[in-house]
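**Student:** Supplied in structure tokens, the structure appears directly below.
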Amino acid sequence: MPETKPETPIVISEETVPKVADESAVLPTETVKEMSSVDSDEIERELTDIYFDRDSDKDGDEDMSRLEKVRHSTPKKILIGLLIFTAVLAAASWIGLLFFGGSKPSFTGDQVTMSIDGPDETESGAETEFVVRYKNASDTPLGTAVLELRLLDGFFLTSSEPELEDGHTYLIGSLPPWGRGQLTFTGSLLSPLDTEHDIQAIITYRPANFSSEFQKVTTRGVSTVGSVMQIQAEGPGKSLPGDQVELTFSYRNESNRQIENAAVVASYPPEFIPESSDPSASDETYAVWRLGTVEPYGTGSVKVTGAFASEAHGDVTVTASAGYTDATESFVPQIEASVTTEVLQGELVAAMVLNGRSEEQAVRLGDLLRYSISYRNTGEASLGNVRISVQLNPSPEAGLVLWNELEDESNGQLNDGRITWTSRQIPSLARIEAGEEGVIQFSVPLSAEPPTEAENLSLIGWVETEVKSVDGDVVDRITKSQPITAKVLSDTTLSAAVWFYDEEGVPVGSGPLPPEVDQPTTYRAVWTVTNSLHDLTDLKLSANLPDNVSWTGSSQVGAGEVSYDSAERNIVWRLNWLPKTVDQVEVGFDVTIVPTASQRDRIPTLVDATTLDATDKDIDEKFTLSQPPLTTSLIEDTYGAGKGRVK
């Protein structure tokens, strides 16, 4: 018999066997009845034939009459589950990264860039183009973007693309991711030369999903070098003192835009005396011409007529500048030109000196003005019938100069502020030989009281000479000297006094009076400043204390500040500004003296000499006033006077 093979069980998983539904639910009633009548023995035989092979000796036959349950490995199932879970999680992460942009950088504002392109240098007044470029280098859209230009004073906008709102704002609106744009604007910068200016652009925007606004600022520097305004100065190459000369200042605008508030300003040396101009000057010195608007490529000229002073000789240069006036009415020069004339030595040279000085100076009301006129024949020919005059023009005309107190040893003729000397008063003027010279002196006081019209008090004077013949030949040559201006200072006064009692007899001091040796006595010193004509600035009152006088620390100050330097023993009061509407200011302070034995029967000093330093703001002139030392004599104190000698 062939060898019987072991039976291999056929495993039928319970999960793979389909459940049979209720037969009555799917079969006709007749069929169900027939099936129920089938013999159960027959069913069993048929099942045996199916699951058990009677010819079990055949290869491959298996016994399917028994069902065996297979055991599964639990750790293996856990490992497989973990691997599947990890794979699913990784896939989900990758998909999320792909679809939700996890690799995109967050918006910080640095991704928005902006620049201003343009020249580093430009001519003042020349039309110049600038380009503002901006870019959103991010994946975030920008909304409500606004570009603002901040241009300097003096920058005149000509055009822009796109057009600006209010001359300085461009509404960009939205700017998509990686979007960009630009603003081109053209204008001219009128400014002082050789100065650097900044043009600034500011972009303000709100990124998507942000509630706050961001800003980006960029600045472009540009320097003004040269100008579109040009000027040329012309005049004679040679001239004699007194000869009438004409100077011409020609200007032009070399740009394609108007220049507003244009002006020409001349600078004259003392040796040149201007007398008239065309067009009329904007000031009394024929030095300023306000031209208004100069059209594109427009031209014009200013002509000045004058003469060189009698003391002028050699090269004399006159300078003129073309420019404009700014918002403060100050002149801003753009370019200058000059003309030099050789002034030949004149025959008669005359010069004037006021109070020992030949230049502009400040005087005070009540001052005595001392004038000295010198003249000399510097030529080789004799000069005949010479007339010398001094013209004094006060401002205002009445009330400033006391003409009735004029002192003149030569007895010149006075007529309407003009004093004239001829050969009748000075016989030597009939003929002045080569090399001869002379001097005329006179004086005249100013009123101690200000005139009714007390604004800008001044006195301008100069010498005029007239020669009728040269070596017998008839001529008519007139020359003028350089003028001298005397500016009148404000009517400021300074007084200083010491008190032990006030005006009503109430003590403001303490201690024995008269003072006694080795006993302290306290006094009150008072400085008083009065003023009414001009505003004063930078006021400073100062004085030192003697060794045996001490500062008590008590002071009475109506305005300003008072301080004491113990090391220097110096008292200082300062005030920045004293308007002319405040006619008086007082400073009081207390000092204590302990007289020494050497001061017995003497009147000791309490405060050394007092000095006031200040600046007259109206005429821009510094001045100084002083008062002598203050002593225990108490001159101003009605009740304490005569009680200053130490016991």
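In my numbering, the protein residues as written are 9 to 655.
We put the CB at the ideal spot given by N, CA and C, even for glycine.
All values reported here derive from a predicted model rather than from experimental measurement.
Let's see if you can read the secondary structure: which residues bound the beta strand (DSSP E) around Leu467?
**Tutor:** 466-478 is the span of the beta strand (DSSP E), which, as asked, contains Leu467.
**Student:** I need the DSSP call for Val654, collapsed to helix, strand or coil.
**Tutor:** DSSP places Val654 in coil when its eight states are reduced to three.
**Student:** Comparing alpha-carbon positions, which option in Ser380, Thr256, Asp334 lies nearest Asn269?
**Tutor:** Among Ser380, Thr256, Asp334, the Cα nearest to that of Asn269 is on Asp334.
**Student:** What does the alpha-carbon distance come out to for the pair Leu410 and Ser455?
**Tutor:** Cα-Cα distance, rounded: 6 Å.
**Student:** With respect to the beta strand (DSSP E) encompassing Phe7, which residues constitute its N-terminal and C-terminal limits?
**Tutor:** Outside the displayed range of the chain (9 to 655) lies residue 7, so it cannot be described from this structure.
**Student:** May I have a chain-ordered list of the beta strand (DSSP E) segments no shorter than 3 residues that lie completely inside the region 129-198?
**Tutor:** Correct list: 129-132, 135-144, 150-158, 163-169, 177-183, 188-197.
**Student:** Taking 8 Å as the threshold (C-beta atoms), are Gln399 and Glu472 in contact?
**Tutor:** Cβ distance < 8 Å, so Glu472 and Gln399 count as in contact.
**Student:** Short of 6 Å in beta carbon distance, which residues of its chain neighbour Asp616, apart from the five on each side in sequence? Order them along the chain.
**Tutor:** Cβ neighbours of Asp616 beyond the five flanking positions: Ala551, Asn552, Pro637.
**Student:** What residues match up with Asp286 in a beta bridge as DSSP calls it?
**Tutor:** In the DSSP output, where bridge partners are listed per residue, Asp286 has Lys311.
**Student:** Where does Pro36 fall in DSSP's three states?
**Tutor:** At Pro36 the pLDDT is 42, less than 50, meaning the model places this residue with poor confidence; the figure from the coordinates comes in the next sentence. The answer is coil: DSSP assigns Pro36 none of H, G, I, E or B.
**Student:** Kindly indicate the opening and closing residues of the beta strand (DSSP E) around Leu299.
**Tutor:** Unbroken beta strand (DSSP E) run through Leu299: 296-302.
**Student:** Distance check for Ile92 and Glu76, CA to CA, integer angstroms please.
**Tutor:** Confidence in Glu76 is poor, its pLDDT being 48 and thus under 50, which makes the residue's placement unreliable; the coordinate value appears in the next sentence. About 30 Å.
**Student:** With a 10 Å radius around its C-beta and 16 neighbouring C-beta atoms as the bar for buried, classify Thr529 as buried or exposed.
**Tutor:** Burial call: buried.
**Student:** Check each candidate in Ser366, Pro402, Gly392 and name the one with the smallest Cα separation from Leu373.
**Tutor:** Out of Ser366, Pro402, Gly392, Pro402 has the C-alpha closest to the C-alpha of Leu373.
**Student:** Would you kindly check if the distance between the Cβ of Ser132 and the Cβ of Ser235 is under 8 Å?
**Tutor:** Closer than 8 Å, so yes.
**Student:** Thinking C-beta only, is Pro278 closer than 8 Å to Gly314?
**Tutor:** No, Cβ-Cβ distance for Gly314 and Pro278 is not below 8 Å.
**Student:** Determine, using beta-carbon pairs with one atom in the region 537-552 and one in the region 616-631, whether at least three such pairs fall under 8 Å.
**Tutor:** They touch, by the three-pair rule.
**Student:** Going straight from the alpha carbon of Thr386 to that of Glu355, what length do you get?
**Tutor:** Going by the C-alpha atoms only, they are around 5 Å apart.
**Student:** Determine the burial state of Gly109: buried for a count of at least 16 other Cβ atoms within 10 Å of its Cβ, exposed for fewer.
**Tutor:** Residue placement at Gly109 is poorly supported in this model, since its pLDDT is 44, which falls under 50; the coordinates are not used for a value here.
**Student:** Where does Asp174 land, buried or exposed, given buried means 16+ other C-beta within 10 angstroms?
**Tutor:** Result: exposed.
**Student:** Among residues of its own chain, excluding the 5 on either side of Ile381, which ones have a beta-carbon nearer than 6 Å to its beta-carbon?
**Tutor:** Within the same chain, Ile381 has close Cβ partners Met360, Ile448, Val471.
**Student:** With burial defined as no fewer than 16 other Cβ atoms inside 10 Å of the residue's Cβ, what is the status of Lys488: buried or exposed?
**Tutor:** With 16 or more other Cβ atoms within 10 Å, it is buried.
**Student:** Please name the residue, chosen from Gly568, Ala575, His321, that lies closest to Gly596 on a Cα-to-Cα basis.
**Tutor:** Taking only the C-alpha atoms, the option nearest Gly596 is Gly568.
**Student:** DSSP three-state call for Gln399: helix, strand or coil?
**Tutor:** Three-state result, Gln399: strand.
**Student:** I'd like to check one pair, Ser114 with Gly151: are the Cβ atoms closer than 8 Å?
**Tutor:** Not a contact, by the Cβ cut-off of 8 Å.
**Student:** Should the region 521-539 be regarded as contacting the region 496-510, the criterion being three or more beta carbon pairs within less than 8 Å?
**Tutor:** The answer is yes - the region 496-510 touches the region 521-539, with three or more Cβ pairs under 8 Å.
**Student:** Rounded to whole angstroms, what's the CA-CA distance from Leu255 to Ala295? Just pull it up for me.
**Tutor:** In a straight line, the C-alpha of Leu255 is about 12 Å away from that of Ala295.
**Student:** Mind checking who Glu594 pairs with in its DSSP beta bridge?
**Tutor:** Answer by DSSP bridge pairing, in chain order: Thr536.
**Student:** Short of 7 Å in beta carbon distance, which residues of its chain neighbour Val225, apart from the five on each side in sequence? Order them along the chain.
**Tutor:** Result list for Val225: Gln208, Ile210, in chain order.
**Student:** Could you give the residue range of the beta strand (DSSP E) that holds Phe450?
**Tutor:** Residues 445-453.
**Student:** Please classify Glu644: does DSSP put it in a helix, a strand, or coil?
**Tutor:** In this structure, Glu644 counts as coil in the three-state DSSP scheme.
**Student:** Between which residues of its own chain and Phe631 is the CB-CB distance below 6 Å, once the five residues before and five after are set aside?
**Tutor:** The residues are Leu497.
**Student:** Is it buried or exposed, Leu191, if we count other Cβ atoms within 10 angstroms and call 16 or more buried?
**Tutor:** Its Cβ being crowded by 16 or more others within 10 Å, Leu191 is buried.
**Student:** Using alpha carbons as the reference points, say which of Arg265, Gln240, Gln266 lies closest to Phe257.
**Tutor:** Answer by Cα proximity: Gln240.
**Student:** Throw me the rounded Cβ distance for the Phe280 and Phe339 pair, which I believe falls under 8 Å.
**Tutor:** Not confirmed; about 20 Å, so no contact.
**Student:** Helix, strand or coil: how does DSSP classify Leu502 here?
**Tutor:** It is a strand residue.
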